[in-house]
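Worksheet: the structure to be examined is printed underneath.
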Amino acid sequence: MAYKLPPLSWLRSFEASARHCSFTAAAEELNLTQAAVSNQVRSLEKHLGYPLFERLSRSLKLTDMGRAYLPPVRKAFEDLSMTTTGLFGSQAHSTVTVRAPISFAVSWLSPRIKDFRADHPHIDVRLCSAIWAENLAADRTDIDIRFGDGKWAGFDAHLLKNDDAILVYNPIIAAAPAAGELIHVMGLEDMWSRYFKLVGEARKEIPNHINVDTSLAALEMAASAPAAAIVLRSFAEPYLKTGRLLTKEDVAIPVKQSHYILQPEQEPQHKPEAVLFRNWLLKEADQI
0 MAYKLPPLSW
10 LRSFEASARH
20 CSFTAAAEEL
30 NLTQAAVSNQ
40 VRSLEKHLGY
50 PLFERLSRSL
60 KLTDMGRAYL
70 PPVRKAFEDL
80 SMTTTGLFGS
90 QAHSTVTVRA
100 PISFAVSWLS
110 PRIKDFRADH
120 PHIDVRLCSA
130 IWAENLAADR
140 TDIDIRFGDG
150 KWAGFDAHLL
160 KNDDAILVYN
170 PIIAAAPAAG
180 ELIHVMGLED
190 MWSRYFKLVG
200 EARKEIPNHI
210 NVDTSLAALE
220 MAASAPAAAI
230 VLRSFAEPYL
240 KTGRLLTKED
250 VAIPVKQSHY
260 ILQPEQEPQH
270 KPEAVLFRNW
280 LLKEADQI
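Counting in numbering that gives the first Met the number 0, the sequence shown runs without a single skipped number right up to 287 at its last residue.
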């Protein structure tokens, strides 16, 4: 995207002159001559097609257009200064606070954080977890990850990753996974009836099963007993890699919900370390 912007030096001269109400004082701050600052402001006015100052005998006064233009120019410099300092400054430690469902935090995010820390050792990660979105505290977080349909009042939701669900089971019951204890994760659709329909096993009634409130609990229970569970594929990966659980590779259940990064409406994220972490998250999710 091409930006039709005036030269940065003209904008710096305008902002400093507006702050001091003086070309002379602005010139001292910018280490330029008074004539240079005056000429740069005049060039900016010509470029914009509007006068920004009234030239008084001993001072400057912003015109209506100058008063309207100053706040966004000043904010742009503040944002640029904050980002430059945050990314390339003293490298003093900063912190990014991430809030996510506990299963996502433990099974998917935690194994990957070491890669972010290796690239950005000066940024500490504070990870807070919750089970249900409505249980999340109201305190301020930099990155808010939630699982759902992408619709949260007062928030813009950016899709992080889609996923499907798979059957996982203890190797002890590999010969007949569905004969073991069935574990259901609350908050997902009725996965067991969908699974049996998908594999062509007609059942009028689903056997009694254990209900748990997190995929993490379901995974640990299935790994510790002759049991089976249906969980998101990405959560099961660590268990499948170590052989603690097995799966049927040819059976996958579509899931309507997804993980999203939430941002309060009308409140863009400018904290540089948070922007870095968000971009890293999206890159990691895209690699799956």
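We put the CB at the ideal spot given by N, CA and C, even for glycine.
Buried or exposed: where does Phe12 fall if 16 or more other Cβ atoms within 10 Å of its Cβ makes it buried?
-> Note that residue 12 is Ser in the sequence shown here, rather than Phe. That one is buried.
Using 8 Å as the Cβ pair cut-off and three pairs as the minimum, do the region 151–169 and the region 215–225 touch?
-> The region 151–169, when compared against the region 215–225, does touch it at the 8 Å Cβ threshold.
Through-space distance from His92 to Gln262, alpha-carbon basis | Linking Gln262 to His92 through their CA atoms gives a straight-line distance of about 24 Å.
Any chain C beta carbon closer than 8 Å to Ser257 = In the displayed structure, chain C is absent; only one protein chain is listed.
Would you be able to state if there are at least three C-beta pairs under 8 Å between the region 98–110 and the region 56–64?
-> These segments do not touch.
Might you give, ordered along the chain, the residues of its own chain that have their beta carbon closer than 6 Å to the beta carbon of Leu10, omitting 5 neighbours on each side?
-> If we look at Leu10 and ignore the five residues flanking it on each side, its Cβ neighbours are Val72.
Helix or strand or just coil, what does DSSP make of Ala136?
-> Caution applies to Ala136, whose pLDDT of 49 falls short of 50 and renders its modelled position unreliable; the model cannot decide the point.
Near Phe76, what residues of its chain come up, given a Cβ to Cβ distance below 8 Å and the 5 sequence neighbours on each side ignored?
-> Answer for Phe76: Leu10, Arg11, Glu14, listed in chain order.
Out of Arg41, Leu69, Ala104, Asp249, point me to the one whose CA is closest to Arg18's CA.
-> Selected option, being the one with the closest Cα: Leu69.
By the 10 Å Cβ neighbour count, where 16 or more other Cβ atoms means buried, how is Ala173 classified, buried or exposed?
-> So Ala173 counts as exposed.
Excluding five sequence neighbours on each side, which residues of the same chain lie with their C-beta closer than 8 Å to the C-beta of Gln256?
-> If we look at Gln256 and ignore the five residues flanking it on each side, its Cβ neighbours are Phe146, Gly147, Asp148, Leu187.
Tell me, which residues are paired with Lys113 by DSSP?
-> Lys113 is not bridged to any residue.
Coarse secondary structure for Glu248, derived from DSSP in three states | In the three-state DSSP reduction, Glu248 falls in the coil class, being neither helix nor strand.
Pro100 and Ser128 closer than 8 Å at C-beta = In contact: Pro100 and Ser128 (Cβ atoms closer than 8 Å).
Return the first residue and the last residue of the beta strand (DSSP E) that Glu188 is part of.
-> Per DSSP, Glu188 belongs to no beta strand (DSSP E) and is neither H nor E.
Taking Glu27 as part of the alpha helix (DSSP H), name the residues at either end of that continuous run.
-> In this chain, the alpha helix (DSSP H) harbouring Glu27 covers 22–29.
Terminal residues of the continuous alpha helix (DSSP H) containing Tyr259?
-> No alpha helix (DSSP H) contains Tyr259, which is instead part of the beta strand (DSSP E) from 257–263.
What runs of the alpha helix (DSSP H), each 4 residues or longer, lie entirely inside the region 30–80?
-> Fully enclosed alpha helix (DSSP H) runs of 4 or longer: 33–47.
By how many angstroms is the C-alpha of His119 removed from the C-alpha of Lys282?
-> If you take the alpha carbons of Lys282 and His119, they lie about 15 Å apart.
In chain order, which beta strand (DSSP E) runs of at least 3 residues are fully inside the region 137–186?
-> Runs of the beta strand (DSSP E) inside the region 137–186: 142–147, 154–160, 163–168, 180–184.
Could you spell out the range, first to last residue, of the alpha helix (DSSP H) harbouring Asp285?
-> Going by DSSP, Asp285 is part of the alpha helix (DSSP H) stretching over 271–285.
In the structure shown, what three-state DSSP assignment does Leu231 receive?
-> In this structure, Leu231 counts as strand in the three-state DSSP scheme.
Helix, strand or coil for Leu108 per DSSP?
-> Here Leu108 sits in helix by DSSP.
Pick from Val230, Val274, Pro253: whose alpha carbon is nearest that of Thr96?
-> Nearest C-alpha to Thr96: Val274.
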